[in-house]
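Residue numbers (this note's numbering): 933 to 1417.
Structure record follows, encoded as structure tokens.
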DNA sequence: TGAAATGTTGGGGCG
DNA sequence: ACGCCCCAACATTTC
């Protein structure tokens, strides 16, 4: 907390994965200064993985919202491009400030970069202040009884939840001041974050309202609707029980603390049963767990968490990868998921598991290929959740599904999309099939296919692999791991 | 946060 | 009435 001697000073406030006004510790601290210069840097340094295309689209929209909010508060957002170390130093010099504030990021390259920056800027004479970021807990502070980090989700979450005390809400500034010598901002439109040719973002625009206001609308509508029945309904891609908060969380437009507070306030008021709430909180817990893993295993996005997988006999990606990416595998539930992803920048969680299992087990393609595709196409792509969940499905991750746990895409489809509503939405060329065959068109008699206007291999692909054969092939590949252990 | 194979049980048809 | 077979339903084991 700055004392009164700071009153005449200007603070540089660096926004990153915290594109919000509410519950923003660094912003709140900055508001105590006489002037604030908020900045967002399009970074050119290469240690961090650069955003995928879908997240860039989201970022553009979210920055528009943040920029508007900051204008209203009186301290316009400065957009600038470069190496953060250089940019922050130059900006600070221009605004005659020695104070630089930001909210911390946890784990991996981002956290390493932040620590290095804080050290260098401090050495240069700046007063760098960092604040808790967008997690319920500090991942480094959670230890097992024997002082190690958790590798199993259930005890991890038990430890976090039992120790969880939501912090007091952070005061939100009503007004900020800009210094007289405000630096010039670059133009957001010139960052080319939006796709132009082709413009593939139509489905994203129809689906999402990026930005802090959109995040809170989404939370409200979830608490008024989807949370009720969440415990079982969350597994149904044909339903509306998921929160769809993930891209808002990834951008930092809303925080888990805000969500948990809202759940507390809503409990007993028709916003889901205790079980519904507990299951939803646990899903947020998986996000925390992913960051926890990333902190202790910073290369989880490139190296197998379980090194027995280092010699796993993956296939060359070849044409199968393209068929998977395009949603042309011939398995309707898989294709529906991949097309939902392409069209909307998001995929239902249950279906993510199905398509990831299909890629890594039916096609024997390395999880990294799938992780890369998700990274580029998901609006919620998260540097912790995305790799750790891919490794979880592949079997190489922490607390992972055993390799031999191979999803049957037909059974999964029939179980979680029993009326074929989801499949018909995203795979319209087979929509006229009766329910009986909607998850396995190749078993439909010729006259049924004909009535539905389907010619397999022409209007819709034949399955690119046979389930039974692929399953057996995957299981024998798994033998190489058992031998290695 | 599976699926498939294998094992067990018990009711009903039938000689 | 009884044994036998079939098989659905459920449970257990294995991958």
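All residues carry an ideal CB built from backbone N, CA and C; glycine is no exception.
Owing to the predicted nature of the structure, the values given are computational and were not obtained by experimental measurement.
- Apart from sequence neighbours up to five positions away, the residues of its chain that approach residue 1161 with a beta-carbon distance below 7 Å are 1173, 1208, ordered along the chain.
- No Cβ-Cβ contact shorter than 8 Å links residue 1072 with residue 1189.
- Each residue's CA atom was taken as its position, placing residue 953 and residue 999 some 10 Å apart.
- In the structure shown, residue 1237 falls within a coil segment according to DSSP collapsed to helix, strand and coil.
- Between the segment 1194-1201 and the segment 1282-1302 there are fewer than three inter-stretch CB-CB distances shorter than 8 Å, so the stretches are not counted as touching.
- If one requires a minimum length of 3 residues, no beta strand (DSSP E) run lies completely within the segment 1315-1403.
- Closest option to residue 990, judged by alpha-carbon separation, among 1413, 1381, 1127: 1127.
- The criterion of a C-beta distance shorter than 8 Å is not satisfied by residue 1328 and residue 1221.
- Taking one beta carbon from each stretch, the segment 1150-1166 and the segment 1014-1024 have fewer than 3 pairs nearer than 8 Å; the two do not touch.
- Residue 1014 carries a strand assignment under DSSP once its states are collapsed to helix, strand and coil.
- With a threshold of 16 other beta carbon atoms within 10 Å, residue 945 meets it and is buried.
- Assignment of residue 1092 by DSSP, reduced to helix, strand and coil, places it in the helix class.
- By the 16-neighbour rule on beta-carbons within 10 angstroms, residue 1084 is exposed.
- Your pair residue 1385 and residue 1223 does not check out as a contact, with CB atoms roughly 48 Å apart and the cut at 8 Å.
- Contact check for residue 1358 against residue 1271 passes: the beta carbons are separated by less than 8 Å.
- With respect to the C-alpha of residue 1332, the residue from 1398, 1370, 1396, 1285 having the closest C-alpha is 1285.
- A direct Cα-Cα distance of roughly 27 Å separates residue 1318 from residue 958.
- Rounded to the nearest angstrom, the gap between the Cα atoms of residue 1163 and residue 1215 is 10 Å.
- Between residue 1031 and residue 941, the C-beta spacing is below 8 Å.
- In the three-state DSSP reduction, residue 954 falls in the coil class, being neither helix nor strand.
- Beta-bridge analysis with DSSP links residue 1061 to 1033.
- For residue 974, DSSP records a beta bridge to 1013.
- Its chain contains 1246, 1247, 1249, 1252, 1253, 1256, 1291 as the residues whose beta carbon lies nearer than 8 Å to that of residue 1297, once the 5 sequence neighbours on both sides are disregarded; these appear in chain order.
- Within the same chain, Cβ atoms closer than 7 Å to the Cβ of residue 1133 are found at 989, 1126, 1127, the five residues on either side in sequence being excluded.
- For residue 983, the secondary structure class from DSSP, reduced to helix, strand or coil, is coil.
- Taken through DSSP and simplified to helix, strand or coil, residue 1124 comes out as coil.
- In this structure, the alpha-carbon of residue 1005 lies about 17 Å from that of residue 994.
- Beta-bridge pairing by DSSP links residue 1247 to 1297.
- Taking all protein chains shown into account, residue 1321 has 16 or more neighbouring C-beta atoms within 10 Å of its C-beta and is therefore buried.
- Residue environment for residue 1113: exposed (fewer than 16 other C-beta atoms within 10 angstroms of its C-beta).
- With a cutoff of 8 Å on beta-carbon distance, residue 1312 and residue 1179 are scored as near each other.
- Straight-line measurement puts the Cα of residue 1168 at about 7 Å from the Cα of residue 1349.
- By the neighbour-count criterion, in which a residue is buried when 16 or more other Cβ atoms sit within 10 angstroms of its Cβ, residue 1356 is buried.
- Per the coordinates, the alpha-carbon of residue 1064 lies some 11 Å from the alpha-carbon of residue 950.
- For residue 943, the enclosing beta strand (DSSP E) covers residues 942-947.
- From the listed residues 1187, 1260, 1232, the smallest Cα separation to residue 1068 is found for 1187.
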